[in-house]
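FYI, in UniProt numbering the residues of the sequence shown are 1 to 349.
We treat Cβ as the ideally placed atom computed from N, Cα and C, and that holds for glycine.
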Amino acid sequence: MAPGVSNEKKTDDEQSSKDNFIHLCNPHLEKMKEDILYHFALGTGTHDFPALFGDVKFVCVGGSPSRMRAFIAYIAEELGLGSPGCDYPNICAGTDRYAMYKVGPVLSVSHGMGIPSISIMLHELIKLLYHAKCSNITIVRIGTSGGIGLEPGSVVITRQSVDATFKPQFEQVILGKTVIRSTNLDEQLAKELMQCSKEIGQFNTVIGNTMCTLDFYEGQGRLDGAICLYNEEEKLQYLKEAYDSGVRNIEMESSVFAAMCNLSGVKVEDPVLAGVCGGLTLAGHHAPTKAGLSLPLLSWAGERKYNKRLVGQDKDRERSLTNRLDLKKINLIFCQSDQSRVMRNKTKS
Numbered sequence: 001m002a003p004g005v006s007n008e009k010k011t012d013d014e015q016s017s018k019d020n021f022i023h024l025c026n027p028h029l030e031k032m033k034e035d036i037l038y039h040f041a042l043g044t045g046t047h048d049f050p051a052l053f054g055d056v057k058f059v060c061v062g063g064s065p066s067r068m069r070a071f072i073a074y075i076a077e078e079l080g081l082g083s084p085g086c087d088y089p090n091i092c093a094g095t096d097r098y099a100m101y102k103v104g105p106v107l108s109v110s111h112g113m114g115i116p117s118i119s120i121m122l123h124e125l126i127k128l129l130y131h132a133k134c135s136n137i138t139i140v141r142i143g144t145s146g147g148i149g150l151e152p153g154s155v156v157i158t159r160q161s162v163d164a165t166f167k168p169q170f171e172q173v174i175l176g177k178t179v180i181r182s183t184n185l186d187e188q189l190a191k192e193l194m195q196c197s198k199e200i201g202q203f204n205t206v207i208g209n210t211m212c213t214l215d216f217y218e219g220q221g222r223l224d225g226a227i228c229l230y231n232e233e234e235k236l237q238y239l240k241e242a243y244d245s246g247v248r249n250i251e252m253e254s255s256v257f258a259a260m261c262n263l264s265g266v267k268v269e270d271p272v273l274a275g276v277c278g279g280l281t282l283a284g285h286h287a288p289t290k291a292g293l294s295l296p297l298l299s300w301a302g303e304r305k306y307n308k309r310l311v312g313q314d315k316d317r318e319r320s321l322t323n324r325l326d327l328k329k330i331n332l333i334f335c336q337s338d339q340s341r342v343m344r345n346k347t348k349s
């Protein structure tokens, strides 16, 4: 039997009464005396994973190390787990590949840029959560993307991650054979995030598909790369087809994120790992400017300092929302509010 995987069938009532643990789809791990998470500089033989990470319930991942450090500092203060100026050491300081920060039940991890980088990180993150015996985990990606047919500052919550041909699948070659995996995300979590946005009532938020590409330039139809053998008319036609298929933003990580979370226990009706993608759009792909923001996990608005006023203008209302909403909703509020501040600053300038 593979670690964490049970063949025993349970009724819905039995399942709902128990904690949901991480599933590992790898029977070979049972034979290993030690599991070394090489790119985290952590290992089961040198670190007590349950003691270090056993209380984790929410994992937020994003591309930039500095962004994820800023996020953990913000969340720590908002949840009353820290104060301004607190130092949050990088748990992965023994390597320069990824950065990891923790406060209370929240883990914040950087994943770099693109499918290969986030894939490596997810393999080791999922094993970390498994070895720590974590249960009822929610994972949210805070990442950047470009919007299609949306006003700058809009928030996109991902329904499905699709490939460059608009199919909801992740294709990977394993041992010379093409393997196709589902990229559906947690529908209920997406609805909760949308409801959160409605309660805030200050930001344009949509649920749509997110297209995951293999690169930033040609794969996304940009005209300013070192190589570009198509014209602007062809680019716009492709983006129109993407929009008509339901795509609202483009990035480079969502497909493998969704696929790996699904294989590790994500279930739409009863998720173990709840993967949601979403994003903020700074500039649409129809515009001549370059980048935007996206979130098939959640998207983020740049590397900027954050302050107490991000969640709302009224502090009492902010505290009420923080108490009423769980962390995955707070993430969306944070993301949206940061973008609102950015747009205000641009207007002033």
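Would you say residue i touches the ligand SAH, meaning its beta carbon is less than 7 Å from a heavy atom?
i: Y243; result: The ligand SAH is absent from the structure shown, which contains no ligand whatsoever.
Looking only at its own chain, which residues have a Cβ that is under 7 Å from the Cβ of residue i, when we skip the five neighbours before and after it?
i: I120; result: H39
i: A259; result: F170, R181, S182 and T183
i: I118; result: H111, G112, E253, V256 and F257
i: F49; result: L128, H131 and A132
i: Y243; result: I148 and G149
i: R317; result: Only weak support exists for where R317 lies, its pLDDT of 36 falling under 50; the value from the coordinates is given anyway. Excluding positions up to five away in sequence, the list is empty.
Could you tell me which residues DSSP pairs with residue i in its beta bridges?
i: T92; result: Looking at the sequence shown, residue 92 is not Thr but Cys. According to DSSP, C92 bridges with nothing at all.
i: S110; result: G62
i: V103; result: V106
i: T44; result: According to DSSP, which records beta bridges pairwise, T44 is partnered with nothing at all.
i: C212; result: E251
i: T205; result: V155
i: G82; result: Answer is none; G82 lacks a bridge partner.
i: I227; result: For I227, which the question treats as bridged, DSSP gives no partner whatsoever.
i: F21; result: S135
i: L263; result: Note: L263 sits in no beta bridge, so no partner.
By alpha-carbon positions, which one of the options ends up nearest to residue i?
i: F53; options: P84, P105 and R69; result: P105
i: D55; options: G43, R97 and L129; result: L129
i: M194; options: P168, S154 and G114; result: S154
i: G94; options: G43, D19, R222 and S83; result: G43
i: R159; options: L189, A76 and E151; result: L189
i: I115; options: Y98, I227, I36 and L214; result: L214
i: I126; options: N26, I91 and L239; result: N26
i: G221; options: A76, E77 and L239; result: L239
i: V247; options: C228, V179, F166 and T205; result: F166
i: A164; options: L263, S245, G80 and N90; result: S245
i: P84; options: I36, Y74 and S197; result: Y74
Tell me which residue opens and which closes the beta strand (DSSP E) that residue i is part of.
i: E251; result: V247 to E251
i: K57; result: It is not in any beta strand (DSSP E) - K57 carries neither H nor E in the DSSP assignment.
i: Q160; result: V155 to V162
i: K177; result: K177 to S182
i: I142; result: I137 to I142
When burial is assigned at 16 or more other CB atoms within 10 Å of the CB, is residue i buried or exposed?
i: A287; result: Its pLDDT being 38, under 50, A287 is placed unreliably by the model, and the measurement read from it follows with that caveat. Its Cβ having fewer than 16 others within 10 Å, A287 is exposed.
i: M32; result: exposed
i: D186; result: buried
i: E124; result: buried
i: Q237; result: exposed
i: C60; result: buried
i: E234; result: exposed
i: C212; result: buried
i: E199; result: exposed
i: I174; result: exposed
i: A41; result: buried
i: S64; result: buried
i: Y230; result: exposed
i: E251; result: buried
i: C86; result: exposed
i: E78; result: buried
i: P152; result: buried
i: I207; result: buried
In the DSSP assignment, the alpha helix (DSSP H) including residue i goes from what residue to what residue?
i: F170; result: Here F170 belongs to no alpha helix (DSSP H); instead the beta strand (DSSP E) covers Q169 to I174.
i: I126; result: I115 to H131
i: F49; result: F49 to F53
i: E192; result: E187 to I200
i: Y243; result: E232 to D244
Keeping to the same chain, check which residues put their C-beta closer than 6 Å to that of residue i; ignore five residues upstream and five downstream.
i: I72; result: Y88, Y101, V103 and S108
i: A76; result: G82 and V103
i: Q172; result: V179
Leaving out five residues before and five after residue i in sequence, what residues of the same chain have Cβ atoms less than 8 Å from its Cβ?
i: N323; result: Residue placement at N323 cannot be trusted, given a pLDDT of 40 that sits under 50; what the coordinates show is reported in the next sentence. Closer than 8 Å at the Cβ level, and outside the excluded window around N323, lies no residue.
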